[in-house]
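Below is one structure, written out as structure tokens, with a few remarks after it.
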Ligand code: 0GY
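In this note's numbering, the protein residues as written are 33 to 336.
As structure tokens, this is what we get:
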């Protein structure tokens, strides 16, 4: 017994996803996923905004293998706050096949940052989605950014499209590589060429340190499963215009999905629709995440 009960409307991740027809290239990385607990070993944070069901590292490895992936990037979930123990435990039991993105408080010491690095953390997440966190003030975030830069880490940012105009100048002053979660959560009822999404593409076009995850069709789609057709033009636009700076992830175990729980096999089958050419798929799934998260393994054999 962990003493934690999932929220009454919590949807459990699918335990038997279909086998995808699409086969990712060897070495493919699922670059956005989470672990939850298990709460018995890693209690959820008191300041969390939701209580999920467990989703353990071993269940994540099983999904990775089943879907035909080789590696994971685990992003600290807000239900664990800035207590990164579940993340670190997963990284330390991954045989080097997982890297992490942590959530840290401004008070974190340099020694603690170094310990996270040793475990496999390569970035911090700044979250601006109000239903998930109470955001830290900009000056704390700037000073954290300056402290993680010497470690070679990057910053992952999560926000919703309507917030981008207000956050734009803060974002563009960040001194590291910056990875945007889920294409900045566009409103897909609007046009790819419309003002809102064009501001996001301008961010990528004018700032070569910005990357985007072309993930989470299940969160963005109004058309719904299993094909999420309305998200495809947005993701494909980003992949085709910025092929060197895109990442893909399942977002397993899909926190806070209310309308439905996606089938992870169906999500994998979307990849050739958003990255039609094999060269694009290779960059999206292998080359880009390897360069960002395992540069020491990538650079030697590829002469970078
Ligand atoms: C995602 C999206 C969400 C949640 C979190 O850390 C989290 O709690 O990231 C969300 O609710 O939109 O990327 O998993």
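Heads up, the beta-carbon is just placed ideally off N, CA and C, and yes, glycines get one too.
Source: prediction; values computed, not measured.
CA-CA distance, residue 158 and residue 172? Residue numbering aside, residue 158 sits at position 126 when the chain shown is read from its first letter. Residue numbering aside, residue 172 sits at position 140 when the chain shown is read from its first letter. Roughly 11 angstroms between the two C-alpha positions.
Smallest Cα separation from residue 148: which of 55, 192, 120? For the purposes of this step, residue 148 is identified with residue 116 of the chain shown, where counting begins at 1. Answer by Cα proximity: 120.
Could you please give the first and the last residue of the uninterrupted alpha helix (DSSP H) stretch that includes residue 180? Translated into the one-based positions of the chain shown, residue 180 becomes position 148. Residues 170–180.
Buried versus exposed call for residue 108 [16 or more other C-beta atoms within 10 Å across all chains shown]: Taking the first residue of the chain shown as 1, we reach residue 108 at position 76. The residue in question, residue 108, is buried, as its Cβ has 16 or more Cβ neighbours within 10 Å.
Buried or exposed for residue 213, going by 16 or more other Cβ atoms inside 10 Å? Looking up residue 213 in the chain shown gives position 181. It is buried - the Cβ of residue 213 has at least 16 other Cβ atoms within 10 Å.
Is residue 137 near the ligand 0GY, judged by its Cβ being under 8 angstroms from some heavy atom? Sequence index remark: in the chain shown, residue 137 carries index 105 (1-based). Outside the cutoff, so no.
What three-state label does DSSP hand residue 81 in the structure shown? Start at 1 with the first residue of the chain shown, and residue 81 comes out as number 49. Reduced to three states, the DSSP call for residue 81 is coil.
Cβ-Cβ separation, residue 92 to residue 293 (assumed contact under 8 angstroms), whole Å: Residue mapping note: residue 293 aligns to position 261 of the chain shown, counting from 1. Residue mapping note: residue 92 aligns to position 60 of the chain shown, counting from 1. Going by Cβ atoms, the distance from residue 293 to residue 92 rounds to 16 angstroms, so no, they are not a contact pair.
For the ligand 0GY, I want to know if residue 66 counts as a neighbour, meaning its beta carbon is within less than 8 angstroms of at least one of the ligand's heavy atoms. In the chain shown, counting from the first residue as 1, residue 66 sits at position 34. At least one heavy atom of the ligand 0GY lies closer than 8 angstroms to the C-beta of residue 66.
So if DSSP puts residue 65 in a beta bridge, which residue, or which two residues, is it bridged to? Here the question's residue 65 lines up with position 33 in the chain shown. According to DSSP, which records beta bridges pairwise, residue 65 is partnered with 106.
With 16 as the cutoff for other CB atoms within 10 Å, does residue 34 come out buried or exposed? Position 2 of the chain shown holds residue 34. Exposed.
Using beta-carbon positions only, say whether residue 390 and residue 105 come within less than 9 angstroms of one another. Any question about residue 390 goes unanswered here, given that the chain covers just 33 to 336.
If you compare alpha carbons, which of 75, 140, 281 is closest to residue 117? If you number the chain shown from 1, residue 117 lands on position 85. Of the candidates 75, 140, 281, the one whose C-alpha sits nearest the C-alpha of residue 117 is 75.
Apart from the five residues on each side of it in sequence, which residues of its chain come closer than 8 angstroms, Cβ to Cβ, to residue 165? Sequence index remark: in the chain shown, residue 165 carries index 133 (1-based). 81, 110, 159, listed in sequence order.
Residue 242: buried (16+ other C-beta within 10 angstroms of its C-beta) or exposed? Here the question's residue 242 lines up with position 210 in the chain shown. With at least 16 other beta carbons inside 10 angstroms of its own, residue 242 counts as buried.
For the beta strand (DSSP E) holding residue 131, just list the boundary residues, first then last. For the purposes of this step, residue 131 is identified with residue 99 of the chain shown, where counting begins at 1. Residues 130–134.
So, are the CB atoms of residue 225 and residue 219 less than 9 angstroms apart? Your numbering for residue 225 matches position 193 in the chain shown. Your numbering for residue 219 matches position 187 in the chain shown. Against a cut-off of 9 angstroms, the Cβ pair of residue 219 and residue 225 comes out as no contact.
My assumption, with CB atoms under 8 angstroms, is that residue 138 sits in contact with residue 175. Please give the rounded CB distance. One-based indexing of the chain shown puts residue 138 at position 106. One-based indexing of the chain shown puts residue 175 at position 143. The Cβ separation is near 6 angstroms, so the contact holds.
For residue 96, does the count of other Cβ atoms within 10 angstroms reach 16, so buried, or fall short, so exposed? Here residue 96 refers to the residue found at position 64 when the chain shown is read from its first residue. Buried: at least 16 other Cβ atoms inside 10 Å.
Should residue 111 be counted as a contact of the ligand 0GY given a C-beta to heavy atom distance under 8 angstroms? The sequence position of residue 111 within the chain shown is 79, counting from 1. Yes; taking the cut-off as 8 angstroms, the Cβ of residue 111 has a heavy atom of the ligand 0GY nearer than that.
Excluding five sequence neighbours on each side, which residues of the same chain lie with their C-beta closer than 7 angstroms to the C-beta of residue 39? Reading the chain shown from its first residue, position 7 is the one you call residue 39. Taken in chain order, the residues that qualify are 82, 83.
If we ignore side chains and look at the alpha-carbon of each, how far apart do residue 167 and residue 190 end up? Walking along the chain shown from the start, residue 167 turns up at place 135. Walking along the chain shown from the start, residue 190 turns up at place 158. Cα to Cα, the separation comes out at about 11 angstroms.
May I ask which residues mark the beginning and end of the beta strand (DSSP E) holding residue 189? Position 157 of the chain shown, counted from the start, is the residue given in the question as residue 189. Under the DSSP assignment, residue 189 falls in the beta strand (DSSP E) whose first and last residues are 186–190.
Under 8 angstroms from any heavy atom of the ligand 0GY, does the C-beta of residue 163 make it? Within the chain shown, the letter at position 131 stands for residue 163. Within the cutoff, so yes.
Have a look at the DSSP bridge pairing and note the partners of residue 320. Mapped onto the chain shown, residue 320 falls at position 288. Its beta-bridge partners do not exist; DSSP assigns none.
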